[in-house]
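**Q**
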Amino acid sequence: MAALSIRSLSKRYANLEVLKGIDLDIESGEFTVLVGPSGCGKSTLLNIVAGLDRASDGTIEIGGRNVNDVLPKDRDIAMVFQSYALYPSMTVRQNITFGMECRHVPKAEQEKAVANVAKLLQIEPLLGRKPAQLSGGQRQRVAMGRALVRDPLLFLFDEPLSNLDAKLRVEMRMEIKRLHQRIGATIVYVTHDQIEAMTMATRIAVMHQGRVQQFADPDTVYRYPANLFVARFMGSPPMNTMPARLEADSSGPVVVIGAGRPDEVRLHLQGYDAAASYIGREVVLGIRPECIAEGERVFSAAAGPPVIVTAPVELVEPTGAETIVLLRLGGEPAQARISPDIRPTPGTSAAFALDTRRICLFDPETERLIA
Amino acid sequence: MTSAASTATGRPATSAMVRRLPEYLMIWVPLLLSAAHLISFSIWTIWISFTPSTLVPVAGWVGLRNYNAVLASRNWQIAFDNLLLFGIAFVLLSLTTGLLLAILLDQRIRGENVLRTIFLYPLAVSFVVTGTVWSWLLNPGIGIEKLVHDLGWTTFHFDWLVNRDMAIWTIVIAAIWQSSGFAMALFLAGLRSVDSDIIKAAQIDGAGPIRTYWRVILPTLWPITITVVVVQLQFAISAFDLVRALTNGGPGIATQLPALVVYDLMFQRSQLGRGAAAAVLMLLILLAVLLPYAAWRYVRGRQAAHA
Ligand SMILES: Nc1ncnc2c1ncn2[C@@H]1O[C@H](COP(=O)(O)OP(=O)(O)OP(=O)(O)O)[C@@H](O)[C@H]1O
Ligand SMILES: [Mg+2]
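Protein chains in written order, with full-length UniProt numbering: chain U, 1 to 371; chain S, 1 to 307.
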C-alpha cells in the first residue's frame, strides 16, 4: 500500500516557484530520505505533506486518503523538527503527552504510552525535566519520543540531526535506523547531508531547484546517478566529471579524455550499448574517486586485465583511512582514493588503476545519464 | 602567557581608547552627573526628613517625628489606599489590555503597522496632555456625557470624574490609555520571538488556537510580564503629572496619591520636613518593588550563565 502519494505538486510564493511538479510514491514501511542542497524546497515539501502549508497545485494522499483539505492533526502524521520545537514551559513528560491531552486520551493510557516510549528511547530519568535542562542529544530524543508516542501512519523528520555534533550525529543516525527496523514505521526524512541519505534510506529522493532529480534506492543513486547534478551531489569527495569524446575501434566503444593531446587517455568500455548513438560525439565522463586507485590495485578478479594509466600528480591529501590524490587525466583534474600507505610525490607522474566498468557517461547538453 | 597577551594588545587598546574618547565622554559624563545628582538629592531629602524644616531647610534632629505625622495624616492614608487600588487595577488592566492587543495584532492582520503605531502613539504624548484631554472627555458638561445627551439619550449618566467613589477609576482609564501600548509592544515582540516550529508542533499535536496560546505561547512570556509589571508599577507609584492634570487629587482629596501629598506638603503647606518624609516613604515603596526585581534578574542571569 502506498503510505504517501504526491501527485504533480507545486508551490509558489508570490512569483517564486519553490516546488515544480513533484511526484512521489512512498510505500508503507519505507525510509525515504529527501536530500538536496539548502533552499531546494525540502522543508516546504515536508510542511505541505504535514498540512502546515498549502500546495498551490497537486494532490497529497496519506494511506490512500486525499488529505489536501485535512488539518495537520487529522492527517495521522508526526513530525520531528530541526529545532526540536519542544514546548519550553512543559516538562519532558508533558511535552510527550500534550498531543494525547489534545485528543482527550484517558490519563491511564497516556501514562502507559509515555512509559513505553521513555523506555524505548531511554529517557526515563529525564521525564521530570524542562527542555532547557537537557543537552542537545537529549532534546533530540524527547522530540523523537513526542513523535513516536503517536504511532502515526507517517513520520516526518526535518533535518533532526543537523544541530548535533559530529559524533552524536553518527550515533543518533544509527539509532534512528535501528528504530525504523524495529518498529517498521514509514518515515520521510529530510536532510542536506548526503551521507545521512546514503546510510539510512531505503530510497532516496534527490531534490534540486524544486524538482525531484532522482528517486531510487541508495545503490542505484550512487552507481547510476540520473544526471550530472546527482552525480556531483552524492558522494564525498564527489564524482569526477570531465569532458570527453566517445569513439569506437574494433573492440567496441572507447572514451577519450583530452583527445588530440599528447597525454590523451583512451579507455575501452564494455557493456555500454546504450551509448552507441553517441559514438563520434562529445560526452561528459563521470568516474568516482574510488574507481581510480594505485597501479597495483585489482578491483575485481572478473574484470580482466587491469586498466593502468600514468598521470601527473598535483596534490596529495592523506586522511588517515586513505590518501586522496589530485591528478590529471588527459589534462582534466580528477581525484583518486588510494591506499593510505602510498604517498606519490606531487610534481611527478605515477601509475593509477582505473575501474572502467563503473564509468558513467552523460549527455553534455541535457546532462542526463547515457549509460 | 597573560602578560604576553596584554603587551601584545596594549598598544591597540590604548589607541582605541583615544579614538573612542568622544563616545566615552558622551556616555560617562552625563551618566556620572545624573547619578551624582540623584544620589546627592536623595541623601539630602533623607537628611531633611529628620529635621524640623518648614519653609526653609534648617539643621536639627527630630527623629521619626515627621514620619509619624505623615503616616498619621488622613491625606497620606487616603493616598496610600488609592495607590494600592490604582497600582493593582492599573497594572492588571493595562497588562491584560496590552496582551489582548498584542494577541490580536499577532494574527498577521492587514494594516498591522498602522494599528501598532496608533496603539503606541499615546506613549508619545506627555502625561499632562493625556490628563488634560481626559479631563475634558470625562467632564460631564462638555465630554462623553454631553455627547450622548446630544445624541438623544438624555438619561445617560457618566460623572465618574466628579464622583468621590469613582474618580480614582478615571485615573486608571487615562493611565491605561496611555501605557497599554507599551505593554502591547513588549508582548508582541515576545509573541513574535516564539519559534514558529513550536507553533507548528502544537498544530500537529492538535491544539486549537486557544490551547496553543494558553499552554504553549503565553507561558514563555512571563519574563516579559514581570518586566512590564515592574515598569508599570514604578510609574503608578510615582504618578504625579497625570493626576495633577486630570483630577488634581479631587474631588476633595478623593484621588490623592503619594506624589501629590509630597508636592502639597513641600510647596503648598511649606512643611519641608514632612514632605521629605513622605518622599522617602515613596522611595521605600519603590524599593519594595525594585529590589525583588533586581534580585530576580540576578538569579536569572546566574541561571542563564550556568545553562
Ligand atoms: N514563506 C516563504 N515566502 C517566500 N519564500 C519562501 C518561503 N518559505 C520558503 N521560501 C523559499 O523557498 C525555498 C525553499 O525553502 P525551503 O525551506 O523548503 O528549503 P530547504 O530545502 O528546506 O533548505 P534548508 O536545507 O536550508 O532547510 C527557498 O528559496 C526559500 O527562500
Ligand atoms: Mg529546511
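We put the CB at the ideal spot given by N, CA and C, even for glycine.
1) Can you name, in chain order, every residue of its own chain whose Cβ lies under 6 Å from the Cβ of A231/U, other than the five neighbours on each side?
2) Pull the bridge partners of G286/U from the DSSP assignment, please.
3) Just to confirm my understanding: we take R12/U, look at its own chain, exclude 5 residues before and 5 after, and list those with CB closer than 8 Å. What are they?
4) Hey, is K107/U's beta-carbon within less than 9 Å of any beta-carbon in chain S?
5) Determine the DSSP secondary structure at L71/S, reduced to helix, strand or coil.
6) Grab the span of the alpha helix (DSSP H) containing M207/U for me, first residue to last.
7) Please output, in chain order, the residues near ligand 1 using a CB cut-off of less than 5 Å to any non-hydrogen atom of the ligand.
8) Identify every run of the alpha helix (DSSP H) within the segment 221 to 273 of chain S, keeping only runs that are complete inside it and at least 4 residues long; order them along the chain.
9) Taking Cβ-Cβ distances below 7 Å as the criterion, which residues of the segment 184 to 208 of chain S are in contact with chain U?
10) Output the boundary residues of the alpha helix (DSSP H) element that contains S34/S.
11) I want to see whether chain S comes within less than 9 Å of D74/U, judged by CB atoms only; does it?
12) Determine, using beta-carbon pairs with one atom in the segment 46 to 62 of chain S and one in the segment 276 to 295 of chain S, whether at least three such pairs fall under 8 Å.
13) Are F90/S and L101/S close, meaning C-beta to C-beta below 9 Å?
14) Check each candidate in A85/U, S300/U, L161/U, L361/U and name the one with the smallest Cα separation from V256/U.
15) Judging by CA-CA distance, which residue of D23/U, S10/U, L134/U is the nearest neighbour of R54/U?
16) Could you tell me which residues DSSP puts in a beta bridge with V265/U?
17) Hey, how far is the Cα of Q138/U from the Cα of V206/U?
18) I'd like to know whether the C-beta of N15/U is nearer than 9 Å to at least one C-beta of chain S.
19) Is Q138/U near ligand 2, going by C-beta to nearest heavy atom under 8 Å?
20) Can you tell me whether S6/S is helix, strand or coil according to DSSP?
21) When you compare the segment 187 to 195 of chain U with the segment 113 to 121 of chain U, are there three or more beta-carbon pairs, one atom per stretch, that lie closer than 8 Å?
22) Should L164/U and L121/U be called a contact, given that it needs their Cβ atoms to be closer than 9 Å?
23) Just list the residues that DSSP pairs K11/U with in beta bridges.
24) Quick one: using the 10 Å Cβ neighbour count with 16 as the cut-off for buried, is A302/U buried or exposed?
25) Closer than 8 Å: is that where the CB of E159/U sits relative to any heavy atom of ligand 2?
26) For the segment 182 to 236 of chain U, which segments carrying the alpha helix (DSSP H) assignment without a break, of at least 4 residues, lie completely within its bounds, in sequence order?
27) Below 8 Å on the Cβ atoms is my guess for V80/U versus M174/U; work out the distance and round it to an integer in Å.
28) Between the segment 84 to 104 of chain U and chain S, which residues of the former have CB atoms less than 7 Å from a CB of the latter, in chain order?
29) Return yes when the C-beta of Q82/U is under 8 Å from any heavy atom of ligand 2, and no when it is not.
30) At the level of alpha carbons, what is the spacing between T186/U and K42/U?
31) Can you check the segment 39 to 74 of chain U for any alpha helix (DSSP H) of at least 4 residues that lies completely inside it and give the ranges in chain order?
32) Please report the straight-line C-alpha distance between I144/S and N47/U, rounded to a whole angstrom.
33) Can you list, in chain order, the stretches of the alpha helix (DSSP H) that have 4 or more residues and sit fully within the segment 73 to 153 of chain S?
34) Assess, as a yes-or-no matter, whether the segment 206 to 226 of chain S is touched by the segment 143 to 157 of chain S under the definition of 3 or more beta carbon pairs within less than 8 Å.
35) Does any residue of chain U have a CB that is nearer than 9 Å to the CB of R215/S?
36) Would you kindly work out how many angstroms separate the C-alpha atoms of L83/S and P258/S, rounded to a whole number?
**A** In this structure, then:
1) The count along the first sequence starts at 1 and reaches residue 231/U at position 231. P225, M239, G286, listed in sequence order.
2) Reading the first sequence from its first residue, position 286 is the one you call residue 286/U. Residue pairing by DSSP places G286/U opposite T241/U, C360/U in a beta bridge.
3) Residue numbering aside, residue 12/U sits at position 12 when the first sequence is read from its first letter. In its chain, beyond the 5 residues on either side, V18, S56 have a beta carbon closer than 8 Å to the beta carbon of R12/U.
4) Numbered from 1 along the first sequence, position 107 holds the residue referred to as residue 107/U. Answer no: the Cβ-Cβ gap between K107/U and chain S never drops below 9 Å.
5) Taking the first residue of the second sequence as position 1, residue 71/S is located at position 71. Three-state result, L71/S: helix.
6) One-based indexing of the first sequence puts residue 207/U at position 207. First-last for M207/U: 203 to 208, but that is the beta strand (DSSP E), not the alpha helix (DSSP H).
7) Chain-ordered list of matching residues: Y13/U, V18/U, S38/U, G39/U, C40/U, G41/U, K42/U, S43/U, T44/U, H192/U.
8) As far as the segment 221 to 273 of chain S is concerned, its whole alpha helix (DSSP H) runs of at least 4 residues are 222 to 238, 241 to 246, 258 to 263.
9) Taking 7 Å as the cut-off between beta carbons, the residues of the segment 184 to 208 of chain S near chain U are D195, D197, I198, K200, A201, Q203, I204, D205, G206, A207, in sequence order.
10) Counting from one through the second sequence, the residue named residue 34/S turns up at place 34. For S34/S, the enclosing alpha helix (DSSP H) covers residues 21 to 48.
11) On the first sequence, position 74 is the one that residue 74/U refers to. Closer than 9 Å to some Cβ of chain S, the Cβ of D74/U qualifies, so yes.
12) Of all C-beta pairs linking the segment 46 to 62 of chain S to the segment 276 to 295 of chain S, three or more are shorter than 8 Å, placing the two stretches in contact.
13) Here residue 90/S refers to the residue found at position 90 when the second sequence is read from its first residue. Here residue 101/S refers to the residue found at position 101 when the second sequence is read from its first residue. In this structure, L101/S does not lie closer than 9 Å to F90/S by Cβ.
14) Counted from its first residue, the first sequence places residue 256/U at position 256. When each option's Cα is compared against that of V256/U, the closest is L361/U.
15) In the first sequence, counting from the first residue as 1, residue 54/U sits at position 54. Among D23/U, S10/U, L134/U, the Cα nearest to that of R54/U is on S10/U.
16) Along the first sequence, one-based indexing puts residue 265/U at 265. In the DSSP secondary-structure assignment, V265/U is bridged to I257/U.
17) The residue given as residue 138/U occupies position 138 in the first sequence. The residue given as residue 206/U occupies position 206 in the first sequence. Answer to the nearest angstrom: the Cα atoms are 30 Å apart.
18) On the first sequence, position 15 is the one that residue 15/U refers to. Chain S, which has no Cβ nearer than 9 Å to the Cβ of N15/U, makes this no.
19) Reading the first sequence from its first residue, position 138 is the one you call residue 138/U. Checking every heavy atom of ligand 2 against the Cβ of Q138/U, none is found closer than 8 Å.
20) In the second sequence, the residue the question calls residue 6/S occupies position 6. With a pLDDT of only 44 at S6/S, under 50, the local geometry of the prediction cannot be trusted, and the value read off the model is given with reservation. Helix at S6/S.
21) Touching, no.
22) Here residue 164/U corresponds to residue number 164 of the first sequence, with the count starting at 1. Here residue 121/U corresponds to residue number 121 of the first sequence, with the count starting at 1. No; because the gap between Cβ atoms is not below 9 Å, this pair is not in contact.
23) For the purposes of this step, residue 11/U is taken as the residue at position 11 of the first sequence. Looking at the DSSP assignment, K11/U forms a beta bridge with L19/U.
24) Taking the first residue of the first sequence as 1, we reach residue 302/U at position 302. By the neighbour-count rule (16 or more Cβ atoms within 10 Å), A302/U is not buried but exposed.
25) Within the first sequence, the letter at position 159 stands for residue 159/U. For E159/U, the CB falls within less than 8 Å of some heavy atom of ligand 2.
26) Here the runs fully enclosed are 194 to 200, 218 to 223, 228 to 233.
27) As a working note, residue 80/U is residue 80 in the first sequence. As a working note, residue 174/U is residue 174 in the first sequence. Not confirmed; about 16 Å, so no contact.
28) Flagged, chain order: A85, Y87, P88, S89, F98, G99, C102, R103.
29) As a first step, residue 82/U is located in the first sequence; it is residue number 82 there, counting from the start. Yes.
30) Translated into the one-based positions of the first sequence, residue 186/U becomes position 186. Translated into the one-based positions of the first sequence, residue 42/U becomes position 42. Put simply, the backbone Cα of T186/U is about 18 Å away from that of K42/U.
31) If we require 4 residues or more, the alpha helix (DSSP H) runs fully inside the segment 39 to 74 of chain U come out as 42 to 50.
32) Against the second sequence, residue 144/S aligns to sequence position 144. Against the first sequence, residue 47/U aligns to sequence position 47. Our two residues, I144/S and N47/U, have alpha carbons roughly 52 Å apart in a direct line.
33) Taking only runs of at least 4 residues, the alpha helix (DSSP H) segments lying wholly in the segment 73 to 153 of chain S are 74 to 105, 112 to 120, 127 to 138, 144 to 151.
34) Judged by Cβ distances under 8 Å, the segment 143 to 157 of chain S makes no contact with the segment 206 to 226 of chain S, as fewer than three pairs qualify.
35) By 1-based counting over the second sequence, the position of residue 215/S is 215. Yes, R215/S counts as interfacial toward chain U.
36) For the purposes of this step, residue 83/S is taken as residue 83 along the second sequence, with counting starting at 1. For the purposes of this step, residue 258/S is taken as residue 258 along the second sequence, with counting starting at 1. Rounded to the nearest angstrom, the two C-alpha atoms are 7 Å apart.
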